[in-house]
Amino acid sequence: MELGTNLTAKLEPFLLMSKSAKGAAAAKLIQDATSAPGVYVFAELLEMPNIQELATSEQHSQHHSLLQLFAYKTYQDYLQYKDSLPALNVAQITKLKHLTLVSCAMDSRILPYSQLLETLHMPNIRELEDLIIDAIYLDIIRGKLDQKEQQFDVEYTVGRDVEPGKIEKLLASLQSWASTTSDVLAALDKKLNELASDAVTAKTKKEAYDQVYETTLKAVLEKQKEIKASIRAAAYPGRTGLTAAGIAERDRERERDRQRELEKQKEQERAKAQAEGKEPGGSQDKDKDSMDVDEPAENSKGKNKK
Numbered sequence: 000m001e002l003g004t005n006l007t008a009k010l011e012p013f014l015l016m017s018k019s020a021k022g023a024a025a026a027k028l029i030q031d032a033t034s035a036p037g038v039y040v041f042a043e044l045l046e047m048p049n050i051q052e053l054a055t056s057e058q059h060s061q062h063h064s065l066l067q068l069f070a071y072k073t074y075q076d077y078l079q080y081k082d083s084l085p086a087l088n089v090a091q092i093t094k095l096k097h098l099t100l101v102s103c104a105m106d107s108r109i110l111p112y113s114q115l116l117e118t119l120h121m122p123n124i125r126e127l128e129d130l131i132i133d134a135i136y137l138d139i140i141r142g143k144l145d146q147k148e149q150q151f152d153v154e155y156t157v158g159r160d161v162e163p164g165k166i167e168k169l170l171a172s173l174q175s176w177a178s179t180t181s182d183v184l185a186a187l188d189k190k191l192n193e194l195a196s197d198a199v200t201a202k203t204k205k206e207a208y209d210q211v212y213e214t215t216l217k218a219v220l221e222k223q224k225e226i227k228a229s230i231r232a233a234a235y236p237g238r239t240g241l242t243a244a245g246i247a248e249r250d251r252e253r254e255r256d257r258q259r260e261l262e263k264q265k266e267q268e269r270a271k272a273q274a275e276g277k278e279p280g281g282s283q284d285k286d287k288d289s290m291d292v293d294e295p296a297e298n299s300k301g302k303n304k305k
């Protein structure tokens with residue numbers, strides 16, 4: 000719910016009664032309205048014909064001034080013109096101090112305790128904070144009591160009745176505010192467009208730079224490889240440019256190939272030697288076999304004996 004939305008509704012019963020109240024009854028109505036809880040706007044009541052008649056009444060003009068005080072003025076104004084106004088009861092004094100607090104909040108968002116103590120004629124900070132808390136509960140102001148900094152931080156406040164003759168000033172202030180706001184928004188839009196354009200330009204430049212950087216870096220690395228290869232080729236003619244580990248592995252492989260070749264040669268020599276050693280033995284066995292075939296000569300001897 001918006002702050003102060005019920006203020007006008009609470010004045011409505013007094014507006015209805017003012018249509019028939021005249022003279023002393025109208026003056027009594029003003030006393031009741033300014034004392035009633037929750038009634039903080041009075042301009043509509045001031046505009047009622049029977050209430051306006053009190054301004055020209057010698058007996059009741061003070062009550063018309065009293066209603067103007069509650070509509071437009073502050074507690075300090077009451078103290079200044081106290082002798083020409085009716086005496087206020089406790090409820091009226093408290094309400095007028097609440098309205099004065101609203102007026103201060105409309106002028107500044109930070110209200111030092113020292114300023115409020117003087118403006119509201121409060122005896123101490125404890126009673127001042129109680130007054131502010133009551134105003135917050137009555138939904139006419141919102142804020143935070145900052146005891147550390149000794150100040151009241153205003154968040155929001157209701158508006159008070161606008162005094163006749165000050166509407167033009169208020170309209171001029173609103174027009175100035177609207178013009179200033181429009182200029183600020185235009186400047187922000189321009190700045191945002193510039194930032195967006197700068198961001199696109201910066202992105203394009205960065206992409207171009209990254210591309211050139213990568214191309215250059217690749218060319219430099221390739222050139223370094225070529226230079227290292229040429230240096231190795233010049234320092235070790237006939238070498239393939241292998242690393243130390245590669246060269247060692249190549250030498251070990253060559254040694255293994257040499258060992259395998261030697262083993263192969265030795266195997267061939269052993270096979271040849273074995274082959275040459277079997278040939279003489281083979282011819283003797285052949286002769287032996289031939290002699291065995293000629294042995295039947297003994298049989299022939301036996302045949303002869305017969």
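What the sequence shown shows, in numbering that gives the first Met the number 0, is residues 0 to 305, in sequence order. A virtual CB, placed ideally from N, CA and C, is assigned to each residue, including glycine.
Nearest candidate by alpha-carbon position, reference residue i, set the options
i, options, result
"L10", "P36, E268, L84 and Y77", "P36"
"D106", "D31, T200 and L169", "L169"
"L144", "L137, D129, T200 and G158", "D129"
"S153", "S102, P122 and S181", "According to the sequence displayed, residue 153 carries Val and not Ser. Cα-wise, what sits closest to V153 is S102."
"A20", "M47, T33, V38 and T118", "M47"
"G158", "V38, A32 and P85", "V38"
"V161", "Y208, L45 and Q61", "L45"
"S83", "L98, Q75 and S64", "S64"
"Y155", "V211, S229, V199 and A104", "A104"
Nearest-angstrom beta carbon gap, residue j and residue i [assumed within contact, 8 Å]
i, j, result
"I132", "R141", "With 8 Å as the limit, I132 and R141 do not qualify as a contact, their Cβ atoms being about 12 Å apart."
"S17", "A23", "In fact, because the Cβ distance is near 13 Å, the residues do not count as touching under 8 Å."
"L66", "V40", "Contact doesn't hold; Cβ gap of about 11 Å is too wide."
"L100", "L119", "7 Å"
Per-residue DSSP class, three states only, for residue i
i, result
"A8", "helix"
"P111", "strand"
"L216", "helix"
"G142", "strand"
"H97", "helix"
"T73", "coil"
"F151", "strand"
"F13", "helix"
"V292", "Below a pLDDT of 50, predicted positions are generally treated as unreliable, and V292, at 48, falls in that range; no measurement from the model is reported."
Same chain only: Cβ atoms within 8 Å of residue i, ignoring 5 sequence neighbours per side
i, result
"Q149", "P111, Y112, S113 and I124"
"G281", "Because G281 carries a pLDDT of 47, less than 50, the predicted location of this residue cannot be relied on, and the following value inherits that uncertainty. No residues qualify anywhere along the chain."
"N88", "S34"
"L127", "Y112, L115, L116, L119 and M121"
"H62", "A25, A26, I29, Q30, L53 and P85"
"Q51", "L45 and H63"
Residue i beta carbon near the ligand NAD (any heavy atom closer than 7 Å)
i, result
"E248", "No copy of the ligand NAD appears in this structure; indeed no ligand is present at all."
Close beta carbons around residue i, own chain, < 7 Å, minus the five adjacent residues each side
i, result
"E43", "L10 and L14"
"G276", "none"
Own chain, CB closer than 6 Å to residue i, minus 5 neighbours either side, in chain order
i, result
"R108", "V153"
Query raised in the report: Between the stretch 147-167 and the stretch 66-73, are three or more C-beta pairs nearer than 8 Å?
Result: yes
Query raised in the report: Between the stretch 53-66 and the stretch 93-100, do three or more beta carbon pairs fall short of 8 Å?
Result: no
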